[in-house]
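Since the structure comes first, as structure tokens, the remarks are kept for the end.
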Amino acid sequence: MTKSSPLAYFPIPFLLLIVSLLLHGYPSFADSVYDNFLQCLTKHTKDQVSNIVLSQTNPSYKPALQAYIKNARFNTSSTPKPSIIVTPLHESHVQAAVICSKQVGTQIRIRSGGHDYEGISYVSDVPFIILDMFNLRNITVDIENQTAFVQAGATMGELYYKIWEKSNVHGFPAGVCPTLGAGGHLSGGGYGNMLRKYGLSVDHIIDAQIVDVNGKILDKASMGDDLFWAIRGGGGASFGVMLSYKINLVQVPKIVTVFKVQRSLEENATDVVYQWQQVAPNTDDRLFMRMLLQPGESKVKKGEKTIKASIVALFLGEATELVTILGKEFPQLGLKIENCTQMNWIESVLWWASFDNGTSPNALLSRNPNFVKFGKRKSDYVQTPISKDGLEWIWKKIIEVGDVGLVFNPYGGKMNEISASDTPFPHRKGNLFKVQYSVSWDDDGAEEEKRYIDQTKRLYSYMTPFVSKNPRSAFLNYRDLDIGVNHYGKDSYMEGKVYGYKYFKANFDRLVKVKTAVDPENFFRNEQSIPTLQTKASVFV
Ligand SMILES: Cc1cc2nc3c(=O)[nH]c(=O)nc-3n(C[C@H](O)[C@H](O)[C@H](O)COP(=O)(O)OP(=O)(O)OC[C@H]3O[C@@H](n4cnc5c(N)ncnc54)[C@H](O)[C@@H]3O)c2cc1C
Ligand SMILES: *[C@@H]1O[C@H](CO)[C@@H](O)[C@H](O)[C@H]1NC(C)=O
Ligand SMILES: *[C@@H]1O[C@H](CO)[C@@H](O)[C@H](O)[C@H]1NC(C)=O
Ligand SMILES: *[C@@H]1O[C@H](CO)[C@@H](O)[C@H](O)[C@H]1NC(C)=O
Ligand SMILES: *[C@@H]1O[C@H](CO)[C@@H](O)[C@H](O)[C@H]1NC(C)=O
Ligand SMILES: *[C@@H]1O[C@H](CO)[C@@H](O)[C@H](O)[C@H]1NC(C)=O
Ligand SMILES: *[C@@H]1O[C@H](CO)[C@@H](O)[C@H](O)[C@H]1NC(C)=O
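Under mature numbering (1 follows the signal peptide of the UniProt record, and there is no 0), the residues of the sequence shown are numbered -30 to -1, 1 to 511, in order.
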């Protein structure tokens, strides 16, 4: 039998095309998106817009793309890249960008601070463009009315700084990391070390502006109660492009207190963690004690592994009062006045963000952080205290797994007073603490990545008996694609329900209704967005 060369079946021009595609990727596709998009945008705005649309060949494309990548896992040569990056300077550019991405028929990824743990604000498996909001970052603080106006591209550090410029007795309850973007952080829930006193960021949003699927700007009055409810915890990206928020500020005392104490297993860490579960979610609302649990080397028994339990705390009050409270409620901790540091609120923001003592608040304005690591995060909720035996078993598993740490964030306080359906965020009363699984690494490589991600999955599996069930709850802002993704075929509601019930419980169904009403064609979508009730089966192309 004679074999003819397989090449003989293909005409030469086709082969050249294949070779060109292999060599250059798909330049023709990206080029045509660029041309069509720019043409459309020019038609829809009065401004000169060529400088806000970056093609893959523009020298600013790569730095722009990388500037807001906060996880090195999505900074590799094989990470899918957007055909263009659009960087609006004005709200009207966002409106035009929505209209034009629909017109050229490409998906849109909206990025504000870029902290998404799975990178879904700047990565997609289907052709896409990035709508990058970093230029829209105005903040106006109004102390008289105790409010602030914050654009989506502003960071939490900038917000804290702007509040501090005008007042030393006001703050805002949001995340600890200063580079978090308002766009994703505030629409996804937003929590930080004032959670027990003031609840979530979304509990303090009083107005918002969004660009809808038709390119219209809506505010609270024109969007209506349902959509205004949905974007306070349901994630903005399912519903439109968040432009800005109006928020209520909260009161902070002139003097606050922080402390960090660490115990290893040899120093009764198990007793301390066990007691912490009773105290941290039930103590004075002004006290937030985060518990970090990490595997480490034992100092006492050479060559053996131990667990290091660290409590990092903020108390909205003075050290003497704190020591009195914990002396009564948490004697196992043995907290002394010399373990505490008093400071003002903005200094506590810097302290929590691990800046050196004495760092100026100007540091909060910095957008380029230090080296960014590879990372993976997962989340869980604990509703009944874990026994000492349970904790000791968990320690063994943490050590066996190797590199994954756990962070326990206590709930209670204000969180118990807000109903589970007040906002899309349902994890209120009945939760003792949220668990974050956390692993970060430095080395590139598929094998490394698989090893670390497998570790998080193993520990997550070991934790099953101790955490919430039916559904096993998760926190939207701790994005985790392992808990389910949507393909937007005919089963999109059921697929959505898998991750949707974990993030939102019964609020998922109201989110689906809102979604169906405001974006029936499902233009705004991603791996874990809210599906519509009747999805046309073809949309995810
Ligand atoms: C180092 C680090 C620390 C963190 N600490 C905390 C913490 O203390 N508390 C906490 O609650 N969370 C924390 N997170 C999680 C964080 O809140 C979420 O990742 C949040 O979504 C980040 O918002 P972003 O704008 O920076 O992210 P992005 O990656 O830009 O966006 C995240 C999601 O929101 C969407 N989105 C962004 N902007 C808009 C917009 N303008 N309109 C509509 N949709 C938009 C994106 O498409 C994406 O789906 C942390 C994350 C990191 C990496
Ligand atoms: C991304 O990779 C580039 C090198 O290609 C590097 O300079 C940059 O610091 C990286 N950024 C992140 C966030 O990993
Ligand atoms: C931001 O504030 C500046 C100064 O007040 C103003 O000129 C600019 O138009 C504002 N930008 C947006 C997008 O609102
Ligand atoms: C406070 O709000 C009122 C009513 O909205 C407004 O008239 C006033 O100008 C605001 N104060 C400041 C300082 O902006
Ligand atoms: C508190 O400070 C004292 C004195 O510096 C130190 O010995 C002790 O270990 C600290 N306590 C805790 C719980 O870290
Ligand atoms: C651990 O507990 C034992 C028994 O209660 C106690 O004697 C010891 O001082 C504790 N160790 C620490 C470091 O607190
Ligand atoms: C920070 O530095 C000041 C001045 O050097 C010092 O008084 C203060 O105790 C330090 N605080 C901490 C937390 O180390």
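All residues carry an ideal CB built from backbone N, CA and C; glycine is no exception.
As the structure is a computational prediction, the values presented were derived from the model and not from experiment.
Looking only at its own chain, which residues have a Cβ that is under 6 Å from the Cβ of residue 513, when we skip the five neighbours before and after it?
Residue 513 is absent from the model: the chain starts at -30 and stops at 511.
Beta-carbon gap between F76 and P97 smaller than 7 Å
Counted from its first residue, the sequence shown places residue 76 at position 106. Counted from its first residue, the sequence shown places residue 97 at position 127. Residue 76 is actually Thr in this sequence, not Phe. Yes, the Cβ-Cβ distance between T76 and P97 is below 7 Å.
Rounded straight-line distance, which links the Cα of N45 to that of V270:
Counting from 1 along the sequence shown, the entry for residue 270 is found at position 300. Counting from 1 along the sequence shown, the entry for residue 45 is found at position 75. Going by the C-alpha atoms only, they are around 40 Å apart.
By Cβ distance, which residues of its chain are closer than 7 Å to S391, with the 5 residues on each side in sequence left out?
As a first step, residue 391 is located in the sequence shown; it is residue number 421 there, counting from the start. Cβ neighbours of S391 within its own chain (closer than 7 Å, five residues either side excluded): N477.
Can you list, in chain order, every residue whose CB sits closer than 7 Å to a heavy atom of ligand 6?
R233, E237, N238, D241, G304
Could you have a look at C147 and say whether DSSP puts it in helix, strand or coil?
Along the sequence shown, read from residue 1 onward, the residue named residue 147 stands at position 177. In the displayed model, C147 falls within coil according to three-state DSSP, outside both helix and strand.
Do V243 and ligand 5 come close, with the Cβ less than 6 Å from some heavy atom?
Stepping through the sequence shown from its first residue, residue 243 is reached at position 273. No, the Cβ of V243 stays beyond 6 Å of every heavy atom of ligand 5.
Which listed residue (E267, D414, I277, L262) has its alpha carbon closest to that of A283
Your numbering for residue 283 matches position 313 in the sequence shown. It is L262.
What are the start and end residues of the beta strand (DSSP E) that includes S410?
The residue given as residue 410 occupies position 440 in the sequence shown. Unbroken beta strand (DSSP E) run through S410: 403 to 411.
Mind checking who A178 pairs with in its DSSP beta bridge?
The residue labelled residue 178 in the question sits at position 208 within the sequence shown. DSSP, once it has assigned bridges, lists Y215 as partnering A178.
Given that a residue counts as buried once 16 or more other Cβ atoms are within 10 Å of its Cβ, and exposed if not, what is F7?
Looking up residue 7 in the sequence shown gives position 37. Label assigned to F7: buried.
Host alpha helix (DSSP H) of E299 (start-end):
Walking along the sequence shown from the start, residue 299 turns up at place 329. Residues 289 to 299.
Same chain, Cβ closer than 6 Å to V468, five either side skipped, listed in chain order:
Start at 1 with the first residue of the sequence shown, and residue 468 comes out as number 498. Around V468: G454.
Local conformation of S508 per DSSP, three classes
Here residue 508 refers to the residue found at position 538 of the sequence shown. Residue confidence is low: S508 scores 44 on pLDDT, short of 50, so the model does not pin down where it sits. No coordinate-derived value is stated.
Contact under 7 Å by Cβ, T276 with G266
Here residue 276 refers to the residue found at position 306 when the sequence shown is read from its first residue. Here residue 266 refers to the residue found at position 296 when the sequence shown is read from its first residue. Closer than 7 Å, so yes.
Segment limits, beta strand (DSSP E) that includes I277
Taking the first residue of the sequence shown as 1, we reach residue 277 at position 307. Counting along the chain, the beta strand (DSSP E) containing I277 begins and ends at 275 to 285.
Taking DSSP as the reference, what is the three-state secondary structure of R79?
For the purposes of this step, residue 79 is identified with residue 109 of the sequence shown, where counting begins at 1. Three-state DSSP puts R79 in a strand.
Between the C-alpha atoms of D373 and R81, what's the straight-line distance to the nearest angstrom?
Reading the sequence shown from its first residue, position 403 is the one you call residue 373. Reading the sequence shown from its first residue, position 111 is the one you call residue 81. Near 30 Å, if we compare the C-alpha coordinates of R81 and D373.
K306 Cβ short of 6 Å to ligand 5 heavy atom set:
Numbered from its first residue, the sequence shown carries residue 306 at position 336. Yes, ligand 5 has a heavy atom inside 6 Å of this Cβ.
Selection from D102, D414, K13 that minimises the alpha carbon distance to A207:
As a working note, residue 207 is residue 237 in the sequence shown. The option with the nearest alpha carbon to A207 is D102.
Alpha-carbon to alpha-carbon, S137 and S330
Along the sequence shown, one-based indexing puts residue 330 at 360. Along the sequence shown, one-based indexing puts residue 137 at 167. In a straight line, the C-alpha of S330 is about 16 Å away from that of S137.
What is the rounded straight-line gap between the Cα of L197 and the Cα of S234?
Here the question's residue 197 lines up with position 227 in the sequence shown. Here the question's residue 234 lines up with position 264 in the sequence shown. About 48 Å.
Give the range of the beta strand (DSSP E) segment to which L24 is assigned.
Residue 24 sits at position 54 when you count from the first residue of the sequence shown. First-last of the beta strand (DSSP E) with L24: 23 to 25.
Quickly, what does DSSP pair H140 with across the bridge? List them, please.
In the sequence shown, the residue the question calls residue 140 occupies position 170. BP columns for H140 point to Q221.
Simplified DSSP state of residue 515, which is helix, strand or coil
In the structure displayed, the chain extends from -30 to 511; residue 515 sits before or after that span and is not available.
Flag this pair as yes or no: are the beta carbons of C310 and F229 separated by less than 7 Å?
In the sequence shown, the residue the question calls residue 310 occupies position 340. In the sequence shown, the residue the question calls residue 229 occupies position 259. A contact, by the Cβ cut-off of 7 Å.
Let me check you understand the geometry: is the CB of E114 closer than 6 Å to at least one non-hydrogen atom of ligand 4?
In the sequence shown, counting from the first residue as 1, residue 114 sits at position 144. With a threshold of 6 Å, the Cβ atom of E114 counts as near ligand 4, since some heavy atom of the ligand is closer than that.
According to the Cβ coordinates, are I109 and A124 closer than 7 Å?
Reading the sequence shown from its first residue, position 139 is the one you call residue 109. Reading the sequence shown from its first residue, position 154 is the one you call residue 124. Going by C-beta atoms, I109 is nearer than 7 Å to A124.
Just confirm the distance between the C-beta atoms of T253 and L361, as a whole number of angstroms; I'd bet it's less than 8 Å.
On the sequence shown, position 283 is the one that residue 253 refers to. On the sequence shown, position 391 is the one that residue 361 refers to. Contact flag wrong, Cβ pair sits at about 20 Å.
Whose CB is closer than 6 Å to a heavy atom of ligand 2? List the residues in chain order.
By the rule of a C-beta closer than 6 Å to any heavy atom of ligand 2, the residues picked out are Q36, I39, A42, N45, V342.
Look up P435 in the DSSP assignment and say whether it is helix, strand or coil.
Reading the sequence shown from its first residue, position 465 is the one you call residue 435. P435 falls in the helix class under three-state DSSP.
For residue 523, which three-state DSSP category applies?
The requested residue 523 is not part of the displayed model; the chain covers only -30 to 511.
Tell me the rounded alpha-carbon separation between F510 and F493.
One-based indexing of the sequence shown puts residue 510 at position 540. One-based indexing of the sequence shown puts residue 493 at position 523. Its pLDDT being 47, under 50, F510 is placed unreliably by the model, and the measurement read from it follows with that caveat. Looking at the two C-alpha atoms, the distance is approximately 10 Å.
Measure the alpha-carbon distance for S192 versus A200 and round it to whole angstroms.
Numbered from 1 along the sequence shown, position 222 holds the residue referred to as residue 192. Numbered from 1 along the sequence shown, position 230 holds the residue referred to as residue 200. Roughly 14 Å separates the two Cα atoms.
Quick check on DSSP: helix, strand or coil for I479?
Here residue 479 refers to the residue found at position 509 of the sequence shown. The amino acid occupying residue 479 in the given sequence is Asp; Ile does not appear at that position. D479 falls in the helix class under three-state DSSP.
Quick check on M464: buried or exposed, where buried means 16 or more other Cβ atoms within 10 Å of its Cβ?
For the purposes of this step, residue 464 is taken as the residue at position 494 of the sequence shown. Exposed, by the Cβ-count rule.
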